[in-house]
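Participant: The structure that follows is given in the form of structure tokens.
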Amino acid sequence: MKILVVGTGLFGSVVARDRAQKGDQITMIDKRNHIAGNIYTEKIEGIQVHKYGAHIFHTQLKEVWDYVHQFADFNRYTNEVIANYKGKIYNLPFNMNTFNTMWGVITPAEAQAKIEEQRQVLNGQRPRNLEEQAISLVGTDIYNTLIKDYTAKQWGRDPKDLPSFIIRRLPVRFTYDNNYFNDPYQGIPIGGYTQIVEKMIDLPNITVQLNTDFLDHKDEYLRDYDKIIYTGMIDQFFDYQFGALEYRSLRFETKVLDTPNFQGNAVVNYTDAETPFTRIIEHKHFEFGAGNKKETVITHEFPASWHKGAEPYYPVNNPTNDSLFKKYRDYGIEHAPQVAFGGRLGLYRYYNMDQVIAAALQFVRNEKNFS
Ligand code: UDP
Numbered sequence: 111m112k113i114l115v116v117g118t119g120l121f122g123s124v125v126a127r128d129r130a131q132k133g134d135q136i137t138m139i140d141k142r143n144h145i146a147g148n149i150y151t152e153k154i155e156g157i158q159v160h161k162y163g164a165h166i167f168h169t170q171l172k173e174v175w176d177y178v179h180q181f182a183d184f185n186r187y188t189n190e191v192i193a194n195y196k197g198k199i200y201n202l203p204f205n206m207n208t209f210n211t212m213w214g215v216i217t218p219a220e221a222q223a224k225i226e227e228q229r230q231v232l233n234g235q236r237p238r239n240l241e242e243q244a245i246s247l248v249g250t251d252i253y254n255t256l257i258k259d260y261t262a263k264q265w266g267r268d269p270k271d272l273p274s275f276i277i278r279r280l281p282v283r284f285t286y287d288n289n290y291f292n293d294p295y296q297g298i299p300i301g302g303y304t305q306i307v308e309k310m311i312d313l314p315n316i317t318v319q320l321n322t323d324f325l326d327h328k329d330e331y332l333r334d335y336d337k338i339i340y341t342g343m344i345d346q347f348f349d350y351q352f353g354a355l356e357y358r359s360l361r362f363e364t365k366v367l368d369t370p371n372f373q374g375n376a377v378v379n380y381t382d383a384e385t386p387f388t389r390i391i392e393h394k395h396f397e398f399g400a401g402n403k404k405e406t407v408i409t410h411e412f413p414a415s416w417h418k419g420a421e422p423y424y425p426v427n428n429p430t431n432d433s434l435f436k437k438y439r440d441y442g443i444e445h446a447p448q449v450a451f452g453g454r455l456g457l458y459r460y461y462n463m464d465q466v467i468a469a470a471l472q473f474v475r476n477e478k479n480f481s
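Listed below in structure tokens is the structure:
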């Protein structure tokens, strides 16, 4: 088969590799000037910089963990985020350290009692949105200090207008454990993420064309290829004919500082409303200071509204958008059967890296997708 893979991120690259190994002829295109999509890392002053925001690999899927280990060794990095609220530091995710700092409680029973008391404002009602879900999980104090304003900044909307699953990404624990994730496998690839994709697609029957926008040559591609794996925005593929899906965008400001250690942690969240950015990443801490003893590289992450032409980082998975997505998906099955959509943008899902890989592996396992 002649297959075109649009986008050189994880979904496209996993599929490209598998089909190349099965003997297909693969062309990969990417509109950017580099491979690897948003997991792209680049060395600046000896430090691996996550150019599109912090990427911490974590998974509960042994198969996925083994899969990525074909392409890199991983260090023992464990994400332990701290939050800065008006100059006071709290541990994330929500755990006994957070509860102790917030209320002075010492035991899990004391923390649970405090949350139970604050949860009463919900009058026993089932949470219907992010705000109610957060209060139900951790109470009003933590909601007001660590969640409300951060979430409003991050998404550009009131937490009452956001789905509750977003806050359930974060663990709530009644132990003194600051690990941001519950997954058994976690780490950062030593030497960065770009090499993972580089090695994945380094096969004789895969060719890569950068600076190439699918939409500039859509008709020719549809004519010339037996199968197209499309990992861009599904609504844009269909020229927004049913309307635009909503996304949230980001802006990154990266600088080199003449100091060895700026903030003492890889990720510091700023959870107040006044600070315009949501977090500062200090990249060297992902690799325990490797690469540069004198300087450091930091990135401020500013949430931004999305408009046509902006980078779509997050799908906004509320019921309206989800049903619009389904309309595009069903239309695609009917009118563009040779095109398969994948990845965060093609499937309009708030996927983590491991979920993208798992979805791609599942996709290639089903031969019907290539008949
Ligand atoms: N969140 C928050 N305060 C924080 C960190 C996260 O309220 O300090 C909320 C916020 O709504 C965010 C969600 O939890 O969108 C998920 O956070 P996560 O860190 O998983 O977001 P990502 O890393 O994918 O941007």
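Heads up: the sequence shown begins at 111 in our numbering, then just goes up one per residue.
Each residue gets a CB set at the ideal place from its N, CA and C atoms; glycine is no exception.
Going by CA-CA distance only, name the one from Thr364, Val231, Phe275 that's closest to Pro429.
Facilitator: Within the sequence shown, residue 429 is the residue found at index 319, counting from 1. The shortest Cα separation from Pro429 among Thr364, Val231, Phe275 belongs to Phe275.
Participant: By DSSP, does Ala219 sit in helix, in strand, or in coil?
Facilitator: Counting from 1 along the sequence shown, the entry for residue 219 is found at position 109. Ala219: helix per DSSP, three-state reduction.
Participant: From the DSSP secondary-structure annotation, give me the bridge partner or partners of Glu152.
Facilitator: Counted from its first residue, the sequence shown places residue 152 at position 42. Its beta-bridge partners are Val159.
Participant: Smallest Cα separation from Glu173: which of Ala469, Gln305, Ala400?
Facilitator: Here residue 173 corresponds to residue number 63 of the sequence shown, with the count starting at 1. The shortest C-alpha separation from Glu173 is found at Ala469.
Participant: Name the two residues that bound the continuous beta strand (DSSP E) containing Lys270.
Facilitator: Residue numbering aside, residue 270 sits at position 160 when the sequence shown is read from its first letter. Lys270 -> no beta strand (DSSP E), and no H or E assigned at all.
Participant: Does the Cβ-Cβ distance between Ile136 and Ala126 come in under 8 Å?
Facilitator: Reading the sequence shown from its first residue, position 26 is the one you call residue 136. Reading the sequence shown from its first residue, position 16 is the one you call residue 126. Yes, they are a contact pair.
Participant: Hey, is the segment 200-211 in contact with the segment 282-289, meaning 3+ C-beta pairs nearer than 8 Å?
Facilitator: The answer is yes - the segment 282-289 touches the segment 200-211, with three or more Cβ pairs under 8 Å.
Participant: Does ligand 1 have even one heavy atom less than 7 Å from the beta-carbon of Arg361?
Facilitator: As a working note, residue 361 is residue 251 in the sequence shown. Arg361: no, Cβ never under 7 Å from ligand 1.
Participant: Under three-state DSSP, which class holds Phe291?
Facilitator: Indexing the sequence shown from 1 puts residue 291 at position 181. Residue state, collapsed to three classes: coil.
Participant: Is Gly353 helix, strand or coil by DSSP?
Facilitator: Along the sequence shown, one-based indexing puts residue 353 at 243. Reduced to three states, the DSSP call for Gly353 is coil.
Participant: Given a threshold of 16 other Cβ atoms within 10 Å of its Cβ, counted over all protein chains shown, does Glu487 qualify as buried or as exposed?
Facilitator: Shown here, the chain extends from 111 to 481; a query on residue 487 therefore has no answer.
Participant: In chain order, what are the residue ranges of uninterrupted beta strand (DSSP E) at least 3 long that sit wholly in the segment 366-445?
Facilitator: Listed in chain order, the complete beta strand (DSSP E) runs (minimum 3 residues) inside the segment 366-445 are 377-380, 389-392, 406-415.
Participant: In whole angstroms, give me the CA-to-CA distance for Val215 and Tyr200.
Facilitator: Within the sequence shown, residue 215 is the residue found at index 105, counting from 1. Within the sequence shown, residue 200 is the residue found at index 90, counting from 1. Taking the straight line joining both Cα atoms gives about 14 Å.
Participant: Please determine whether the Cβ atom of Leu313 lies at a distance below 7 Å from any heavy atom of ligand 1.
Facilitator: Within the sequence shown, the letter at position 203 stands for residue 313. Because no heavy atom of ligand 1 lies under 7 Å away, the Cβ of Leu313 does not count as near it: no.
Participant: Could you have a look at Phe181 and say whether DSSP puts it in helix, strand or coil?
Facilitator: Position 71 of the sequence shown, counted from the first residue, corresponds to residue 181. Looking at Phe181 - three-state DSSP - the assignment turns out to be coil, as it is neither helix nor strand.
Participant: Please write down, chain order preserved, every residue whose beta carbon lies under 6 Å from a heavy atom of ligand 1.
Facilitator: The answer, residue by residue, is Ala193, Leu202, Leu256, Ile257, Tyr260, Thr261, Gln264, Ile276, Ile277, Arg279, Leu280, Asn379, Thr381.
Participant: Under the rule that 16 or more other beta-carbon atoms within 10 Å means buried, what is Arg191, buried or exposed?
Facilitator: For this step, residue 191 is matched to residue 81 along the sequence shown. It should be pointed out that residue 191 corresponds to Val in this sequence rather than to Arg. Counting Cβ neighbours within 10 Å, Val191 comes out buried, since at least 16 surround it.
Participant: Mind checking who Arg358 pairs with in its DSSP beta bridge?
Facilitator: Counted from its first residue, the sequence shown places residue 358 at position 248. Ser415, Tyr424.
Participant: Measuring only the C-alpha atoms, how far is Gly122 from Tyr340?
Facilitator: Here residue 122 is taken as the residue at index 12 of the sequence shown, counted from 1. Here residue 340 is taken as the residue at index 230 of the sequence shown, counted from 1. Cα to Cα, Gly122 sits roughly 8 Å from Tyr340.
Participant: Check for me: the alpha helix (DSSP H) holding Asn210 runs from which residue to which?
Facilitator: Locating residue 210 in the sequence shown gives position 100, counting from the first residue. From DSSP, the alpha helix (DSSP H) with Asn210 extends over 206-213.
Participant: Go through its chain and collect everything with a Cβ distance to Val449's Cβ below 7 Å, but skip five positions before and after it.
Facilitator: Mapped onto the sequence shown, residue 449 falls at position 339. Excluding sequence neighbours, Val449 sits near Ile338, Tyr340, Gly442.
Participant: Could you tell me if Val124 is buried or exposed, where buried requires 16 or more neighbouring beta carbons within 10 angstroms of its beta carbon?
Facilitator: As a position in the sequence shown, residue 124 is number 14, starting the count at 1. By the neighbour-count rule (16 or more Cβ atoms within 10 Å), Val124 is buried.
Participant: Hey, could you find the ends of the beta strand (DSSP E) Lys309 is sitting in?
Facilitator: Position 199 of the sequence shown, counted from the start, is the residue given in the question as residue 309. From DSSP, Lys309 is part of no beta strand (DSSP E) but of the alpha helix (DSSP H) over 304-310.
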